[in-house]
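K.L.:
Residue numbers (the working numbering), protein chains in the order written: chain A, 127 to 332; chain B, 127 to 332; chain C, 127 to 332.
Sharing a structure here in structure tokens format.
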Amino acid sequence: MQQAVELLAVITSGVYGVMLAKRHHMDFVGVFSLALIVAFGGGTLRDLFLDRHPLFWIGRHHYTVIIFILALVTSVFPALPKSTEDFLHLPDSLGLGLFSVAGAIAALEAGTSLFIASLMGVITGTFGGVIGDIVCNKVPSLFRPAPLCATCSFSGCWLLFSLTALSVPESYAVPVAISSIVLFRLAAIRWNWQLPHDPVETDDGN
Amino acid sequence: MQQAVELLAVITSGVYGVMLAKRHHMDFVGVFSLALIVAFGGGTLRDLFLDRHPLFWIGRHHYTVIIFILALVTSVFPALPKSTEDFLHLPDSLGLGLFSVAGAIAALEAGTSLFIASLMGVITGTFGGVIGDIVCNKVPSLFRPAPLCATCSFSGCWLLFSLTALSVPESYAVPVAISSIVLFRLAAIRWNWQLPHDPVETDDGN
Amino acid sequence: MQQAVELLAVITSGVYGVMLAKRHHMDFVGVFSLALIVAFGGGTLRDLFLDRHPLFWIGRHHYTVIIFILALVTSVFPALPKSTEDFLHLPDSLGLGLFSVAGAIAALEAGTSLFIASLMGVITGTFGGVIGDIVCNKVPSLFRPAPLCATCSFSGCWLLFSLTALSVPESYAVPVAISSIVLFRLAAIRWNWQLPHDPVETDDGN
Chain A
127 MQQAVELLAV ITSGVYGVML AKRHHMDFVG VFSLALIVAF GGGTLRDLFL DRHPLFWIGR
187 HHYTVIIFIL ALVTSVFPAL PKSTEDFLHL PDSLGLGLFS VAGAIAALEA GTSLFIASLM
247 GVITGTFGGV IGDIVCNKVP SLFRPAPLCA TCSFSGCWLL FSLTALSVPE SYAVPVAISS
307 IVLFRLAAIR WNWQLPHDPV ETDDGN
Chain B
127 MQQAVELLAV ITSGVYGVML AKRHHMDFVG VFSLALIVAF GGGTLRDLFL DRHPLFWIGR
187 HHYTVIIFIL ALVTSVFPAL PKSTEDFLHL PDSLGLGLFS VAGAIAALEA GTSLFIASLM
247 GVITGTFGGV IGDIVCNKVP SLFRPAPLCA TCSFSGCWLL FSLTALSVPE SYAVPVAISS
307 IVLFRLAAIR WNWQLPHDPV ETDDGN
Chain C
127 MQQAVELLAV ITSGVYGVML AKRHHMDFVG VFSLALIVAF GGGTLRDLFL DRHPLFWIGR
187 HHYTVIIFIL ALVTSVFPAL PKSTEDFLHL PDSLGLGLFS VAGAIAALEA GTSLFIASLM
247 GVITGTFGGV IGDIVCNKVP SLFRPAPLCA TCSFSGCWLL FSLTALSVPE SYAVPVAISS
307 IVLFRLAAIR WNWQLPHDPV ETDDGN
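Laid out in structure tokens, this is it:
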């Protein structure tokens, strides 16, 4: 079950990378590279920061093959339809939930503090997209006014820690935390919940 | 004493990150992330390059909490006044001095050559800002004509090595090297000392 | 012999970094940093991903000194002539061949799958330039329509694996694979071989 969701998360992030690459008129090398960067970037940072080896995509080496096939298939289409993005909200939120919780648990296993573990959760869940944005020469959208994303991941990690502190067994706490992130994220997109920010300046995007 | 200065260096770099984020109209997630990146980026590169684990900000985990509180407090203000930048020159130079010397010593402990150790000193002292600039989609100001910064760090590291080679005890050599970087940097800002460069082309900034 | 070619590869990548820095009007700090980033970026990623320490440029510490001297010498000239770029095609292709094969072999030694090893070959051969482009605030040219580069590296790695699978001794397979990458790359530049891409959109560079 968890394997299936993780695989879904990898594929979804990969599709997001493909769309990013196509928006910047990249060729197959760019499409494949961006898909790898978005799908594996956050988990790679976590693994490097925590000194976990082999990196998760080196250990589960079929992941890179799947991303390769995904890039091959999608590069046949001139551009993915804009509606794909809406279609991706559910698997994308699933990916955020699973990657975040997996990142936080990995950090706790490595003996970090709870606060560091929650940061590792957020990094694992969101920094693939951040690195992808940087590669594509834009200020990361995660850092700018937009529907809550890092906040969902962060609070889901703390829900996990709270449940664990209350002696809730992991087999309950983990799915509850993941679900809370998924639902929080979907609601934030649906009702456009954002962190407070200076209202005038949000237009000046890049 | 050294702990207090290091803490001051972390806070100062964090404030620089906050200012960078606010200039790019980021929300709290961006402010906190940029503060983390600028404060810990250089030391993280050094620790990864030298295979030092846990990373210094994972080991001293209150640092991330301090940056979190700093980001919370500063995000209340719509923007930090421009004069904050002048006010920051002293702690900023202190941070440059301390981080550089700490980086060089860490490299020597890991058995690198003197030249590599001096590069690690510069990376630790300055690359947090470099990564912050890259994230904010600008060519790193460290690499462009501006008052000497990397040069101060580099020469301070070599002063440390020279004093050590002359059998000056570390308890003297370290503060002398740090002070030399701080004073050199303050003087470079005060009198606008720059490396030679093509004078026409400095305006075309980004 | 291999040492000589590797040294040539480091110097060539360094010169490319110098040219990139000069195009962005950087001072000596920028020139030296970009030369380091382009020359060592790909190999550093590989070493970090595979947990190989010391990093190759920390182990062979004269490399950084050579790049330092290269940056000093070239910073005397106001700008390298445009024709330098043509002149660099041969050593540049040599560097691509050698770095790619060295990266793939290092990955196999670390026990990765063949597909991961071929990706490590491409990363080692090409990602120094990718990181250099990102630092200079442009979308990596490797990811956009241009004469084949990553493709040459990728196919050369698979030629190496095929020859090894056919029990060709390494002392033959390695030079054949390197030569194939060099010749493929030179031909791709000469006849402008590119991956298929949407023809209209290639102009909109950055």
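Just so it is clear, CB atoms sit at the ideal spot from N, CA and C, and this is done for glycine as well.
1. Exposed or buried, what is A188 of chain B when buried is set at 16 or more other beta-carbons lying within 10 Å of its beta-carbon?
2. Please list the residues of the segment 255-281 of chain A that have a C-beta atom closer than 8 Å to any C-beta atom in chain C, keeping them in chain order.
3. Leaving out five residues before and five after V248 of chain B in sequence, what residues of the same chain have Cβ atoms less than 6 Å from its Cβ?
4. For V202 of chain B, is the classification buried or exposed, using 16 other Cβ atoms within 10 angstroms of its Cβ as the cut-off for buried?
5. Residues in the segment 217-229 of chain A with C-beta within 7 Å of chain B's C-beta atoms, listed in sequence order?
6. Quick check: the segment 315-322 of chain A against the segment 255-265 of chain A, are at least 3 beta-carbon pairs closer than 8 Å?
7. Counting only Cβ pairs nearer than 9 Å, list the residues of chain C close to L240 of chain A.
8. Does any residue of chain C bring its CB to less than 8 Å from the CB of D212 of chain B?
9. Please tell me whether E132 of chain A and L196 of chain A are closer than 8 Å, where the distance is taken between their beta carbons.
10. Considering only C-alpha positions, which residue in the set B:F213, B:M152, B:H151 and B:T170 is nearest to L256 of chain B?
11. Excluding the 5 residues flanking I260 of chain C on each side, which residues of the same chain have their C-beta closer than 7 Å to its C-beta?
12. Taking a cut of 8 Å between CB atoms, which residues from the segment 136-155 of chain C lie near chain B?
13. Would you check if the segment 139-157 of chain C and the segment 229-236 of chain C touch, i.e. whether three or more CB-CB distances between them fall below 8 Å?
14. Going along the chain, which unbroken runs of the beta strand (DSSP E) with 3 or more residues stay wholly within the segment 161-199 of chain A?
15. With DSSP as the reference, label A272 of chain C as helix, strand or coil.
16. Figure out for me which residue from B:I307, B:V294, B:A243 and B:G140 has the closest Cα to the Cα of I192 of chain B.
17. Quick one: grab the DSSP three-state call for T328 of chain B.
18. If contact is defined by three or more beta carbon pairs under 8 Å, each pair taking one atom from either stretch, is the segment 178-186 of chain C in contact with the segment 300-310 of chain B?
19. Spatial neighbours of P301 of chain C within its chain, please: C-beta separation below 6 Å, excluding the five flanking residues on both sides.
20. Given a threshold of 16 other Cβ atoms within 10 Å of its Cβ, counted over all protein chains shown, does A303 of chain C qualify as buried or as exposed?
21. Within 8 Å (strictly less), CB to CB, does L174 of chain C reach chain B?
22. Between H323 of chain A and chain B, is any beta-carbon pair separated by less than 8 Å?
23. Out of curiosity, what's the CA-to-CA distance linking E327 of chain C and G251 of chain C?
24. Going by DSSP, what residue range makes up the alpha helix (DSSP H) through L240 of chain A?
25. Got a sec, what are the start and stop residues for the alpha helix (DSSP H) V297 of chain A sits in?
26. Nearest by alpha-carbon distance to L274 of chain C: which of C:A314, C:I242, C:P217 and C:L245 is it?
27. Starting from D153 of chain A, trace the alpha helix (DSSP H) both ways and give me its first and last residue.
28. Thinking just about the alpha-carbon of each residue, which of A:C283, A:S305, A:V144 and A:L176 is nearest to the one in A165 of chain A?
29. Just the chain C side, please: which residues come within less than 7 Å of L245 of chain B by C-beta, in chain order?
30. Between the Cα of F241 of chain A and the Cα atoms of A:A272, A:G258 and A:L285, which residue gives the shortest distance?
31. Give the C-beta separation of F158 of chain A and F182 of chain A to the nearest angstrom, bearing in mind that I take them to be a contact with Cβ-Cβ under 8 Å.
32. Using the Cβ count rule (16 or more neighbours within 10 Å means buried), how would you classify L292 of chain B?
33. Excluding the five sequence neighbours on either side, which residues of its own chain have a C-beta within less than 6 Å of the C-beta of V136 of chain A, listed in chain order?
34. How many Å lie between A161 of chain C and G258 of chain C at the Cα?
35. Secondary structure at Y142 of chain A, three-state DSSP: helix, strand or coil?
P.N.:
Taking the definition as stated:
1. Sequence check: residue 188 of chain B is His here, not Ala. So H188 of chain B ends up on the exposed side.
2. I260, V261, C262 and N263
3. A276, S279 and F280
4. exposed
5. none
6. no
7. Going along chain C, no residue has its Cβ under 9 Å from L240 of chain A, so there is no contact; the nearest lies around 27 Å.
8. no
9. no
10. Going by the sequence as given, residue 256 of chain B is Val instead of Leu. The shortest Cα separation from V256 of chain B among B:F213, B:M152, B:H151 and B:T170 belongs to B:T170.
11. For I260 of chain C, the CB contacts under 7 Å within the same chain, skipping 5 residues up- and downstream, are P266 in chain order.
12. A147, H150, H151, M152, D153, F154 and V155
13. no
14. none
15. coil
16. Nearest of B:I307, B:V294, B:A243 and B:G140 to I192 of chain B, Cα basis: B:G140.
17. Low confidence applies to T328 of chain B: its pLDDT is 43, below 50, so where it sits in the model is not reliable enough to give any reading.
18. Counting Cβ pairs under 8 Å, fewer than three are found: no touch.
19. none
20. buried
21. yes
22. Yes, H323 of chain A lies at the interface with chain B (some Cβ there is under 8 Å from its Cβ).
23. Confidence at E327 of chain C is low in this model, with a pLDDT of 47, below 50, so its placement is unreliable and the value that follows should be read with caution. The straight-line gap from Cα to Cα measures roughly 27 Å.
24. L240 to V261
25. Looking at the sequence itself, residue 297 of chain A is Ser, so the reference to Val does not match. Taken as a continuous stretch (DSSP letters only), the alpha helix (DSSP H) holding S297 of chain A covers E296 to R316.
26. C:A314
27. That residue, D153 of chain A, is in no alpha helix (DSSP H); it is neither H nor E in DSSP.
28. Distance check between A165 of chain A and each of A:C283, A:S305, A:V144 and A:L176 places A:V144 closest, using alpha-carbon atoms only.
29. The contacting residues are T190.
30. A:L285
31. Not confirmed; about 18 Å, so no contact.
32. Note on L292 of chain B: under 16 other CB atoms within 10 angstroms of its CB, so exposed under the neighbour-count rule.
33. A165 and Y189
34. 9 Å
35. helix
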